[in-house]
Amino acid sequence: MSVLLTVLAALIATGACAYHRSSLRTWAIVTIVTTLVVGLLTHAPITMIVLLIVELVIAVPLLNLGFRRKQISAPLLKVFSKVTPKLSDTEQTALEAGTVGFEGELFSGKPDWHELLKQPKPELSVEEKAFLDGPVEQLCSMLDDWQITHELADLPPEVWDFVKKHKFFGMIIPKQYGGLGFSALAHSAVLQKLATMSATVASTVAVPNSLGPAELLLHYGSDEQKNYYLPRLAVGEEIPCFALTGPYAGSDATSIPDYGVVCKQVVDGVETIGMRLNFDKRYITLAPIATVVGLAFRLYDPEHLLGDKEDLGITLALLPRSTPGLEIGRRHFPLNIPFQNGPVRGKDVFAPMSTLIGGPHMAGHGWRMLVECLSVGRAISLPSNATGGVRMAVAGTGAYARMRKQFGLAVARFEGVEEALARIGGLTYATAALSRATAAAVDRGEKPAVPSAIAKYHATEWGRAIAGDAMDVHGGKAVQLGPKNYAGRAWQGVPIAITVEGANIMTRSLMIFGQGAIRCHPYVLKEMQALSIEDYSERLKAFDRALFGHLGFGVSNAVRSFALGLTGARIGDSAGDAYVRRYYRKLNRYSAALALCADTFMGVLGGKLKFKEKLSARLGDVLSYLYIASAMLKRYEDTGRPEADRPLLAWAFHECMWRTQMALDGAIRNFPVRPVSWLLRVLVFPFGRREVPPSDRLGRRVAAIITAPGEARDRLLEWAYLTPTPNNTVGRMNQLLPDVIAAEPVERKLLKAQKAGQFTSHDYLGQLDEAVKAGVIDAAEATLLKRVREGVFEFISVDDFDPAELQSAMMRKDAKKLADAA
Ligand SMILES: Cc1cc2nc3c(=O)[nH]c(=O)nc-3n(C[C@H](O)[C@H](O)[C@H](O)COP(=O)(O)OP(=O)(O)OC[C@H]3O[C@@H](n4cnc5c(N)ncnc54)[C@H](O)[C@@H]3O)c2cc1C
Numbered sequence: 044m045s046v047l048l049t050v051l052a053a054l055i056a057t058g059a060c061a062y063h064r065s066s067l068r069t070w071a072i073v074t075i076v077t078t079l080v081v082g083l084l085t086h087a088p089i090t091m092i093v094l095l096i097v098e099l100v101i102a103v104p105l106l107n108l109g110f111r112r113k114q115i116s117a118p119l120l121k122v123f124s125k126v127t128p129k130l131s132d133t134e135q136t137a138l139e140a141g142t143v144g145f146e147g148e149l150f151s152g153k154p155d156w157h158e159l160l161k162q163p164k165p166e167l168s169v170e171e172k173a174f175l176d177g178p179v180e181q182l183c184s185m186l187d188d189w190q191i192t193h194e195l196a197d198l199p200p201e202v203w204d205f206v207k208k209h210k211f212f213g214m215i216i217p218k219q220y221g222g223l224g225f226s227a228l229a230h231s232a233v234l235q236k237l238a239t240m241s242a243t244v245a246s247t248v249a250v251p252n253s254l255g256p257a258e259l260l261l262h263y264g265s266d267e268q269k270n271y272y273l274p275r276l277a278v279g280e281e282i283p284c285f286a287l288t289g290p291y292a293g294s295d296a297t298s299i300p301d302y303g304v305v306c307k308q309v310v311d312g313v314e315t316i317g318m319r320l321n322f323d324k325r326y327i328t329l330a331p332i333a334t335v336v337g338l339a340f341r342l343y344d345p346e347h348l349l350g351d352k353e354d355l356g357i358t359l360a361l362l363p364r365s366t367p368g369l370e371i372g373r374r375h376f377p378l379n380i381p382f383q384n385g386p387v388r389g390k391d392v393f394a395p396m397s398t399l400i401g402g403p404h405m406a407g408h409g410w411r412m413l414v415e416c417l418s419v420g421r422a423i424s425l426p427s428n429a430t431g432g433v434r435m436a437v438a439g440t441g442a443y444a445r446m447r448k449q450f451g452l453a454v455a456r457f458e459g460v461e462e463a464l465a466r467i468g469g470l471t472y473a474t475a476a477l478s479r480a481t482a483a484a485v486d487r488g489e490k491p492a493v494p495s496a497i498a499k500y501h502a503t504e505w506g507r508a509i510a511g512d513a514m515d516v517h518g519g520k521a522v523q524l525g526p527k528n529y530a531g532r533a534w535q536g537v538p539i540a541i542t543v544e545g546a547n548i549m550t551r552s553l554m555i556f557g558q559g560a561i562r563c564h565p566y567v568l569k570e571m572q573a574l575s576i577e578d579y580s581e582r583l584k585a586f587d588r589a590l591f592g593h594l595g596f597g598v599s600n601a602v603r604s605f606a607l608g609l610t611g612a613r614i615g616d617s618a619g620d621a622y623v624r625r626y627y628r629k630l631n632r633y634s635a636a637l638a639l640c641a642d643t644f645m646g647v648l649g650g651k652l653k654f655k656e657k658l659s660a661r662l663g664d665v666l667s668y669l670y671i672a673s674a675m676l677k678r679y680e681d682t683g684r685p686e687a688d689r690p691l692l693a694w695a696f697h698e699c700m701w702r703t704q705m706a707l708d709g710a711i712r713n714f715p716v717r718p719v720s721w722l723l724r725v726l727v728f729p730f731g732r733r734e735v736p737p738s739d740r741l742g743r744r745v746a747a748i749i750t751a752p753g754e755a756r757d758r759l760l761e762w763a764y765l766t767p768t769p770n771n772t773v774g775r776m777n778q779l780l781p782d783v784i785a786a787e788p789v790e791r792k793l794l795k796a797q798k799a800g801q802f803t804s805h806d807y808l809g810q811l812d813e814a815v816k817a818g819v820i821d822a823a824e825a826t827l828l829k830r831v832r833e834g835v836f837e838f839i840s841v842d843d844f845d846p847a848e849l850q851s852a853m854m855r856k857d858a859k860k861l862a863d864a865a
């Protein structure tokens with residue numbers, strides 16, 4: 044017994060030091076003292092001596108830096124140098140671009156919640172609010188999405204003029220160049236509001252404000268280029284597009300076959316150094332109407348006109364539309380969301396070196412420029428458009444499910460529909476918090492490479508899930524296209540959001556964890572960087588520091604993961620109020636589990652992990668859900684911990700934790716080295732999988748929130764265009780919603796009387812008259828029911844068309860020709 048007690052005491056001391064991440068020195072002192080004290084108290088001298096020997100054998104060499112570096116780190120450095128895969132330039136660039144924000148804490152296994160909560164609350168300025176309430180509101184009132192998507196396949200001229208005049212294309216351009224100079228949050232809010240009315244308009248506005256000529260010029264342009272282009276781009280005098288993708292290079296954009304060769308040509312009688320360009324690009328948004336084309340190509344200098352290098356690498360230029368040989372104009376047709384999109388081609392197009400963004404010295408820096416700028420645009424455009432879309436799904440589906448009656452009840456009352464409504468409400472809460480978090484990161488000056496990938500992937504995937512649920516709840520109403528259908532086009536366009544700015548399968552399986560693991564890990568990047576230090580002794584020192592930091596980190600995460608698993612995350616640091624304290628502890632638990640699994644996977648599989656995309660994707664999911672849950676907790680704090688929002692927060696949080704558990708479980712279960720998998724299972728899930736999805740009761744509360752006006756619903760609908768203008772069916776439905784709800788008890792009285800056979804009339808109005816006469820309802824109630832019946836009829840109606848209206852314009856022309864000939 045005394046032997047057991049002594050061993051146990053030494054183990055607990057070691058575990059406690061590892062849990063709290065004590066230094067090696069502290070661990071040595073604590074365990075040696077504990078062993079001595081407990082050994083003496085329990086009279087176990089032999090066990091005590093054996094344990095002390097073991098502890099000293101570990102501590103002495105590790106604490107003797109000179110010995111440790113020479114005997115342990117130096118041989119390991121040799122092995123490490125051999126096995127570490129050499130990073131390609133592309134990978135190196137991707138890793139170096141961007142910054143690490145709170146996601147780094149989540150990867151640490153011991154997040155510092157005060158770091159999260161002390162971040163300033165993101166808010167719009169007075170000017171930005173005025174823009175949302177002014178021009179954006181006005182633009183929304185002008186949009187007829189059916190006209191845009193079906194009749195014109197374009198924005199009407201007055202919308203183009205309005206957008207240009209009010210500088211919607213210049214949100215990211217600073218005021219000194221005539222732009223709006225908006226914060227990322229305002230930029231996001233504008234896109235969200237536009238997306239609630241038209242995906243086509245939101246995409247059209249998003250592109251010039253995302254990765255493209257303006258953004259690239261702002262960061263790398265010469266003064267001359269900035270002064271010329273930026274004021275013109277701000278007011279839409281120039282319409283930009285950016286052409287990277289081609290038939291042979293989609294996701295793997297670095298493999299573009301488009302090229303330029305440095306050459307000389309006489310221009311206006313002067314011999315000029317320039318490039319002869321050959322390119323074939325497709326899918327380029329705004330290309331058909333662009334006046335300036337940003338072009339990515341690989342530049343070669345075989346005659347060494349620029350310097351020694353022959354293959355200069357990916358390079359970016361801005362070509363005016365008038366450039367001879369530049370061929371643009373035709374259109375693609377992306378899934379009935381007809382924003383301008385088309386191919387761009389050129390054969391032997393001559394462009395002077397002055398067209399290079401930033402000038403000739405930026406030749407070959409194109410990939411770095413793109414990757415550095417990508418995270419900012421990606422953190423805003425797609426997440427914001429998706430968030431606008433899901434907010435509108437809440438407004439439309441929540442109201443419709445309350446208005447649409449079947450079996451004598453609002454369909455929202457059926458449990459099956461309630462389940463879909465709960466998903467819509469809960470995932471919208473999560474999506475909105477996520478897109479706000481990434482916009483706020485940009486406003487804090489971060490370049491959120493990993494969070495932007497998380498936001499792009501999850502906002503669009505949840506957008507897809509919500510669009511599907513919204514369609515299902517609407518039934519035939521959303522299937523029949525026409526001006527009255529406010530859901531069908533959004534659902535049709537979902538795959539566009541899934542594909543652009545990093546197709547989702549690749550984003551999930553390659554980018555989120557792939558970048559996150561190395562960028563956010565506190566030691567891996569340091570170990571890799573240590574390898575490239577020229578001076579051997581400095582290299583060894585840096586490697587030794589990173590390696591032993593890493594080992595301590597690994598042990599700590601194993602202990603933390605196990606301890607937090609054993610206690611069901613009931614111990615440890617926390618923050619927030621009593622309602623969410625447990626949530627923070629759960630995040631601590633899974634943060635430690637993620638760090639442990641990530642380290643183990645990387646350590647055991649090394650470079651092969653890159654190709655184990657299914658494992659990498661699952662660990663990326665874990666990082667994502669932890670990030671999203673943190674964003675929701677921050678939002679809860681920033682909004683003053685509103686009690687009304689708790690069902691939404693709870694639903695979304697439990698969903699994230701359940702998904703986190705399933706992703707971790709999947710990753711561990713499928714890990715190819717079985718003993719490692721078994722060990723991880725014990726450390727991560729000592730009592731098995733205990734997380735459960737949100738309960739049905741919680742789902743009912745969420746469904747109730749989104750189907751009735753209220754404080755929490757209003758927050759969920761922030762920045763949705765709900766003004767009940769004639770073009771806004773959802774706005775008008777929400778205007779009628781209080782009446783619909785007020786009418787429900789009256790309808791119940793009517794139904795009861797009907798079932799009791801009190802009416803002789805077969806039509807609704809006749810029954811109302813009879814009900815008033817019989818005193819079942821009063822006259823005011825009858826008026827309310829009539830108003831609601833009329834209002835609701837408009838919203839459950841669908842369109843029908845003359846067959847000729849549905850024929851394509853071409854067929855109509857042919858039919859007219861035939862008719863004329865006859
Ligand atoms: C409407 C629209 C607008 C666009 N606008 C522009 C624009 O303005 N400018 C521009 O340059 N480009 C634009 N694009 C191009 C867009 O960025 C690409 O479509 C995207 O990068 C994917 O390329 P791809 O379509 O050729 O798919 P592919 O690269 O052929 O991919 C096919 C599938 O394979 C998956 N995949 C590929 N590699 C991997 C991997 N390593 N691991 C896992 N999965 C992988 C992808 O996720 C995808 O699911 C646009 C595209 C569309 C559809």
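Numbering follows the numbering used here, in which position 676 of the sequence shown is assigned residue number 719; successive positions increment by one, without gaps.
Heads up, the beta-carbon is just placed ideally off N, CA and C, and yes, glycines get one too.
* Asked: Is A436 closer than 7 angstroms to A513 when the C-beta atoms are compared?
  -> In the sequence shown, counting from the first residue as 1, residue 513 sits at position 470. In the sequence shown, counting from the first residue as 1, residue 436 sits at position 393. It is a contact, given that the beta carbons lie within the stated cut-off.
* To do: Leaving out five residues on either side along the sequence, give the residues of the same chain with a beta carbon under 7 angstroms from the beta carbon of R775.
  => The residue labelled residue 775 in the question sits at position 732 within the sequence shown. Result list for R775: P767, in chain order.
* Asked: By DSSP, does G356 sit in helix, in strand, or in coil?
  -> In the sequence shown, residue 356 corresponds to position 313, counting from 1. G356 falls in the strand class under three-state DSSP.
* **Start-end ranges of the beta strand (DSSP E) lying completely within the stretch 589-617, minimum 3 residues** => none
* To do: Using the DSSP secondary-structure output, state which residues sit across from P395 in a beta bridge.
  => For the purposes of this step, residue 395 is identified with residue 352 of the sequence shown, where counting begins at 1. DSSP output for P395 lists G317 as bridge partner(s).
* So, do the stretch 207-224 and the stretch 237-252 have three or more beta carbon pairs nearer to each other than 8 angstroms? -> yes
* To do: Check whether the Cβ of S495 sits closer than 6 angstroms to any heavy atom of ligand 1, and report yes or no.
  => Locating residue 495 in the sequence shown gives position 452, where the first residue counts as 1. Answer for S495: no, Cβ out of range of ligand 1.
* To do: Taking only heavy atoms of ligand 2 into account, decide whether any of them is closer than 6 angstroms to the Cβ of P367.
  => This structure does not include ligand 2; its bound ligands are ligand 1.
* How do the stretch 732-747 and the stretch 464-482 stand: do at least 3 beta-carbon pairs fall below 8 angstroms, yes or no? -> yes
* Could you tell me if the beta carbon of A573 falls within a distance shorter than 6 angstroms of some heavy atom in ligand 1? => Against the sequence shown, residue 573 aligns to sequence position 530. Incorrect: A573 has no Cβ contact closer than 6 angstroms to ligand 1.
* Asked: Where DSSP assigns a beta bridge to A453, which residues make up the other side?
  -> Here the question's residue 453 lines up with position 410 in the sequence shown. DSSP, once it has assigned bridges, lists K448 as partnering A453.
* Asked: Looking at C-beta atoms only, is the number of pairs between the stretch 406-423 and the stretch 136-144 that lie closer than 8 angstroms three or more?
  -> yes
* On the three-state DSSP scale, how would you describe A286? -> Residue 286 sits at position 243 when you count from the first residue of the sequence shown. The answer is strand: DSSP assigns A286 an E or B state.
* Going straight from the alpha carbon of T503 to that of F340, what length do you get? -> Position 460 of the sequence shown, counted from the first residue, corresponds to residue 503. Position 297 of the sequence shown, counted from the first residue, corresponds to residue 340. When rounded, the distance between both Cα atoms is 29 angstroms.
* At 3 residues or longer, and completely inside the stretch 744-803: list those beta strand (DSSP E) runs for me, N to C. => none
* Given A636 as reference, the closest of A621, D664, G649 once Cα atoms are compared -> Position 593 of the sequence shown, counted from the start, is the residue given in the question as residue 636. Out of A621, D664, G649, D664 has the C-alpha closest to the C-alpha of A636.
* Asked: Looking at C-alpha atoms only, which residue of L658, R756, F556, P163 is the closest neighbour of G147?
  -> Residue 147 sits at position 104 when you count from the first residue of the sequence shown. That would be F556, whose Cα lies nearest to the Cα of G147.
* Asked: According to DSSP, is A87 helix, strand or coil?
  -> Reading the sequence shown from its first residue, position 44 is the one you call residue 87. Looking at A87 - three-state DSSP - the assignment turns out to be coil, as it is neither helix nor strand.
* **Residue span of the alpha helix (DSSP H) that contains A333, given as start and end** => By one-based count along the sequence shown, residue 333 stands at place 290. From DSSP, A333 is part of no alpha helix (DSSP H); its letter is neither H nor E.
* To do: Enumerate in chain order the residues of its own chain whose CB-to-CB distance from V623 is below 7 angstroms, with the five nearest sequence positions on each side excluded.
  => By 1-based counting over the sequence shown, the position of residue 623 is 580. Cβ within range, chain order: L676, Y679.
* Sort out for me which residues DSSP pairs V309 with in a bridge. => Walking along the sequence shown from the start, residue 309 turns up at place 266. DSSP, once it has assigned bridges, lists E314 as partnering V309.
* What's the gap between the Cα of S280 and the Cα of F225? -> Locating residue 280 in the sequence shown gives position 237, counting from the first residue. Locating residue 225 in the sequence shown gives position 182, counting from the first residue. Position check: residue 280 holds Glu in this sequence, whereas Ser was assumed. The alpha-carbon atoms of E280 and F225 are separated by roughly 19 angstroms.
* Would the C-beta of S226 count as close to ligand 1, meaning under 6 angstroms from any of its heavy atoms? -> Taking the sequence shown and counting its residues from 1, one reaches residue 226 at position 183. Checking every heavy atom of ligand 1 against the Cβ of S226, none is found closer than 6 angstroms.
* Length-filtered (4 minimum) alpha helix (DSSP H) runs lying within the stretch 104-191 -> 117-126, 132-139, 145-150, 156-160, 169-174, 180-185
* Asked: Any idea what DSSP makes of L369, helix, strand or coil?
  -> Start at 1 with the first residue of the sequence shown, and residue 369 comes out as number 326. DSSP places L369 in strand when its eight states are reduced to three.
* Close-in-space but distant-in-sequence residues of the same chain around K416 (CB under 8 angstroms, 5 per side omitted) -> Position 373 of the sequence shown, counting from 1, holds the residue named residue 416. Correcting the residue identity first, residue 416 is Cys in this sequence and not Lys. These residues qualify, in order along the chain: L254, E258, L259, H262.
* Taking the C-alpha atoms as reference points, what is the distance between I216 and F174? -> Your numbering for residue 216 matches position 173 in the sequence shown. Your numbering for residue 174 matches position 131 in the sequence shown. Each residue's Cα considered, the two are about 15 angstroms apart.
* Check the DSSP bridge columns for I327 and list the partner residues they point to. => Position 284 of the sequence shown holds residue 327. Looking at the DSSP assignment, I327 forms a beta bridge with G385.
* **Among Y220, G809, K527, the one whose alpha carbon lies nearest that of D27** => No statement about residue 27 is possible, as the shown extent of the chain runs from 44 to 865 and does not include it.
* To do: Assuming L639 and L779 form a contact by the criterion Cβ under 8 angstroms, report the distance between their Cβ atoms to the nearest whole angstrom.
  => In the sequence shown, residue 639 corresponds to position 596, counting from 1. In the sequence shown, residue 779 corresponds to position 736, counting from 1. Incorrect: roughly 53 angstroms between the Cβ atoms, too far for contact.
* Asked: Expressed to the nearest angstrom, what Euclidean distance is found between the alpha-carbon atoms of P178 and W156?
  -> One-based indexing of the sequence shown puts residue 178 at position 135. One-based indexing of the sequence shown puts residue 156 at position 113. Rounded to the nearest angstrom, the two C-alpha atoms are 39 angstroms apart.
* DSSP state of P494 mapped onto helix, strand, coil -> Along the sequence shown, one-based indexing puts residue 494 at 451. Three-state DSSP puts P494 in a helix.
* **Contacts around R112, its chain only, beta-carbon distance under 6 angstroms, and the 5 residues preceding and following it disregarded** => The sequence position of residue 112 within the sequence shown is 69, counting from 1. L583, D587.
* To do: Could you spell out the range, first to last residue, of the alpha helix (DSSP H) harbouring I711?
  => Residue mapping note: residue 711 aligns to position 668 of the sequence shown, counting from 1. I711 -> alpha helix (DSSP H) spans 689-712.
* Between the C-alpha atoms of A52 and A59, what's the straight-line distance to the nearest angstrom? -> The residue labelled residue 52 in the question sits at position 9 within the sequence shown. The residue labelled residue 59 in the question sits at position 16 within the sequence shown. Whole-angstrom Cα-Cα distance: 10 angstroms.
* Are the beta-carbon atoms of L630 and G559 separated by less than 7 angstroms? -> On the sequence shown, residue 630 is found 587 positions in, with the first residue counted as 1. On the sequence shown, residue 559 is found 516 positions in, with the first residue counted as 1. Not a contact, by the Cβ cut-off of 7 angstroms.
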